[in-house]
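Residue numbers (this note's numbering): 1487 to 1572.
Backbone N, C-alpha and C fix where the C-beta goes; we use that ideal spot for every residue, glycine too.
Owing to the predicted nature of the structure, the values given are computational and were not obtained by experimental measurement.
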């Protein structure tokens, strides 16, 4: 599932265009993500996937709250990411 959004604006066709992709399969490699970002050719593309809990995760009271991993790409490079699986 993918969307193009107007970042930093509450009005349609204002702000900066950004692509957002919700990936069910977090197994996509970063080479694939970069190729998709090049295709969108926006200033930034965000890839999100639902975090899959494993035995290394610390349990907390809010375990029922959905958590996501996020990767940010420009058309040329990966930027700040919240990927716990590096």
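Check, Outcome
"Residue environment, residue 1559, which counts as buried when at least 16 other CB atoms sit within 10 Å", "buried"
"Straight-line gap, residue 1533 to residue 1497 (C-alpha atoms, nearest Å)", "23 Å"
"Reference residue 1565; option with closest CA among 1492, 1535, 1531 and 1554", "1531"
"Segment limits, alpha helix (DSSP H) that includes residue 1535", "Premise fails: residue 1535 lies in the beta strand (DSSP E), 1531–1536, not in any alpha helix (DSSP H)."
"Residues near residue 1528 in its chain [Cβ-Cβ closer than 6 Å; skip 5 each side]", "1503, 1504 and 1505"
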